Amino acid sequence: MHVTRRDKSGKIQAAAPAAALILVLALVCLIAPASGAGRPQKVFEGDLYLYDIVEQKVERLTHYEDEMSIVSVDWENELAYFLGPRDKKFSLGFDGGLTALTEGATMQISALPDEPRLKVEILHNDIQVSNLDGSDRRILTGEMGFRDNALPAGEWVYYTFRSFKSTDSVLRQMRRVPVGGGAEEVLADCVAGTCVPSVEPGGGRLLVIAGSKDIDGDERIGAADLALHLLDAETQELSYLEGPAHGNQTAIWLEGGQAFYQRREHDGRTLRLIDLETGEGRDLFFLRGLPRVVYSRQTNTLIFNEDLRLMRIDVEGGKARKVEGLDYAKRIGWRPMLSWFGLNPDGTRLMIAYGREKTLSYKDYQNYRREKAAIRRDAN
Numbered sequence: 185m186h187v188t189r190r191d192k193s194g195k196i197q198a199a200a201p202a203a204a205l206i207l208v209l210a211l212v213c214l215i216a217p218a219s220g221a222g223r224p225q226k227v228f229e230g231d232l233y234l235y236d237i238v239e240q241k242v243e244r245l246t247h248y249e250d251e252m253s254i255v256s257v258d259w260e261n262e263l264a265y266f267l268g269p270r271d272k273k274f275s276l277g278f279d280g281g282l283t284a285l286t287e288g289a290t291m292q293i294s295a296l297p298d299e300p301r302l303k304v305e306i307l308h309n310d311i312q313v314s315n316l317d318g319s320d321r322r323i324l325t326g327e328m329g330f331r332d333n334a335l336p337a338g339e340w341v342y343y344t345f346r347s348f349k350s351t352d353s354v355l356r357q358m359r360r361v362p363v364g365g366g367a368e369e370v371l372a373d374c375v376a377g378t379c380v381p382s383v384e385p386g387g388g389r390l391l392v393i394a395g396s397k398d399i400d401g402d403e404r405i406g407a408a409d410l411a412l413h414l415l416d417a418e419t420q421e422l423s424y425l426e427g428p429a430h431g432n433q434t435a436i437w438l439e440g441g442q443a444f445y446q447r448r449e450h451d452g453r454t455l456r457l458i459d460l461e462t463g464e465g466r467d468l469f470f471l472r473g474l475p476r477v478v479y480s481r482q483t484n485t486l487i488f489n490e491d492l493r494l495m496r497i498d499v500e501g502g503k504a505r506k507v508e509g510l511d512y513a514k515r516i517g518w519r520p521m522l523s524w525f526g527l528n529p530d531g532t533r534l535m536i537a538y539g540r541e542k543t544l545s546y547k548d549y550q551n552y553r554r555e556k557a558a559i560r561r562d563a564n
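Oh and the sequence shown: position 130 is 314 in this note's numbering, straight run, nothing missing.
See the structure below:
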């Protein structure tokens, strides 16, 4: 087959074989690098640690590779749930066993505090309750929407909700639904990132970082409008406590009628305590970053990240100290990352994912993968 072309006068010009064009395209494809080839590549490594808060001892559980972000921990079955490359789901056992999960597998699990044989899960954007082995599963919610931050407390499960129909990408609702089944209840409207509930132990009140239209009639809320509020779950009354507050962290109930939250400052934030009866507050620690903070009721201790270090501070007047035993060592070319940490249900142990990333040339990346594959073969 030939391709025929004519000039303006209609005369036939020299013909070019179509096969020659195909050959040229084939050569281009051979010369051009494949997708990703030749480009710098990132590599990831990390370690999973268990920190005994009471004994103040750290144990390294296992090592993992590739980009893995931890989602939640199933303490009962000693499994950590991860999202890996291309959002693939994995479970990683405390003993190092890695298992690939199906696309619809559960990633957020919370055991019910008053009924430890049951667990609450968010699956396909619904709140579901079942036995720990997954049997007798019941769907508690029905309205179509995004749900996260599920927190079981007493006879209720509290969570964040945003309707699929909502045109406002910022507005969220704090809701609850009975564990035994029933209608969903709307407790408050609030801004994205501020609707994570903190329920009073044994009570019906919640701490909320809020700045909703229920408070000041404004449909759109800025960061400077957020403050710490007390929410009565029965009357749905919001009471102002103190502000301004940072909205990306939940407030936490402490022992002795106190609460903790992150107070917004002009050049950072402070870890701040407030007495819920007197309204008096005091600062514990000044931060310039964006820390995650958890509270161990067993030891009355706050644990948080400061830069790339994990810190702990006793609520009753202690100094902030670094948690020892993690691999803080600096390595040439590697960027350390304190990826995640979370408490077990009784507040005595902390799961920690501490990793590193490095950018390699494409050639070094291929050598790195071959070396890792050889190590895995030798180990098996």
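The C-beta atom is built at its ideal place from N, Cα and C for all residues, glycine as well.
All values derive from a computational prediction rather than experimental measurement.
Exercise for the section: Under 6 Å Cβ to Cβ from F525, same chain only, skipping five residues before and after it: list those, please. Expected result: L534 and I536
What does the alpha-carbon distance come out to for the pair H430 and D491? 18 Å
| task | Using the Cα positions of Y342 and P520, report the straight-line distance between them to the nearest angstrom. | result | 35 Å
(Q) Can you look up D562 in the DSSP assignment and give me helix, strand or coil? (A) Note: D562 maps to helix in three-state DSSP.
>> My output table needs one value for D236: the three-state DSSP class, helix, strand or coil.
In response: In this structure, D236 counts as strand in the three-state DSSP scheme.
From L335 to G222, what does the alpha carbon distance come to, in whole angstroms? 47 Å
Buried or exposed for N315, going by 16 or more other Cβ atoms inside 10 Å?
Counting every other CB atom within 10 Å of its CB across the protein chains shown gives N315 a total below 16, marking it as exposed.
Checklist entry - Can S423 and L410 be called in contact, C-beta distance under 8 Å? => result Contact flag unset, no.
Using CA atoms only, rank isn't needed, just tell me which of L245, V238 and P224 is closest to L510.
L245
Inset, instruction - Could you check which residue in G539, G326 and G280 has the C-alpha nearest to that of S523? - result: G539
key: Collapsed DSSP secondary structure at D451 in the structure displayed   = coil
**Request:** Can you grab the Cα-Cα spacing for the pair T283 / A417, in whole Å?
**Result:** 40 Å
I516 versus L468, E541, S382 and P269, residue with shortest Cα-Cα distance: E541
* Sorted by chain position, which residues of the same chain lie with C-beta nearer than 6 Å to Y479's C-beta, five sequence neighbours on each side aside? -> Shown here for Y479: same chain residues with a beta carbon closer than 6 Å to its own, the five before and five after excluded, namely I436 and L486 in chain order.
Task: First through last residue of the beta strand (DSSP E) which encompasses W524 - done: R519 to L527
Q) Does DSSP put W362 in a helix, in a strand, or in coil? A) Looking at the sequence shown, residue 362 is not Trp but Pro. Looking at P362 - three-state DSSP - the assignment turns out to be strand.
Compute the distance between the beta-carbons of D236 and H247, then report whether it is under 8 Å.
No, Cβ-Cβ distance for D236 and H247 is not below 8 Å.
Mind reading off the beta-carbon distance from T454 to F469? Whole number of angstroms is fine, and I expect it under 8 Å.
7 Å
message = As a quick exercise: from M358, G365 and F330, pick the residue whose alpha carbon is nearest that of F348.
response = F330
(Q) Helix, strand or coil for P336? Go by DSSP, reduced to three states. (A) It is a strand residue.
- Would you mind sorting E339 into buried or exposed? The rule is 16 or more other CB atoms within 10 Å of its CB. E339 comes out exposed.
- prompt: How long is the line joining the alpha carbons of G441 and G386, rounded to whole angstroms?
  reply: 13 Å
Q) Looking at the structure shown, is K542 part of a helix, part of a strand, or coil, going by DSSP? A) Secondary structure of K542 (DSSP, three-state): strand.
**Prompt:** For the candidate residues D451, L263, Q240 and G427, whose alpha-carbon lies nearest to that of L494?
**Reply:** Q240
Is it the case that the Cβ atoms of L371 and L391 are separated by a distance below 8 Å?
no
Here's a check: name, in chain order, each residue in its chain whose Cβ is nearer than 7 Å to the Cβ of I311, leaving out the five neighbours to either side.
V304, L324, T325, R331, A334, V341, Y343 and V361
**Study point:** Backbone CA spacing between E229 and M252 [nearest angstrom]
**Key:** 9 Å
Do K273 and L263 have their CB atoms nearer than 8 Å?
It is not a contact, given that the beta carbons lie outside the stated cut-off.
For H247, write down the residues that DSSP places opposite it in a beta bridge.
For H247, the pairing in a beta bridge is given by DSSP as D231.
Would you kindly check if the distance between the Cβ of E243 and the Cβ of Y233 is under 8 Å?
It is a contact, given that the beta carbons lie within the stated cut-off.
Exercise. Give the range of the beta strand (DSSP E) segment to which N489 is assigned.
Key: T485 to E490
Output the distance between the C-alpha atoms of V313 and G502, rounded to the nearest integer angstrom. 40 Å
inquiry  = Considering just the uninterrupted stretch of the beta strand (DSSP E) at G465, what are its terminal residues?
reply    = G465 to L471
Practice prompt. Would you kindly report the start and end of the unbroken beta strand (DSSP E) that includes L510?
Written response: Where L510 is concerned, there is no enclosing beta strand (DSSP E), given that its DSSP letter is neither H nor E.
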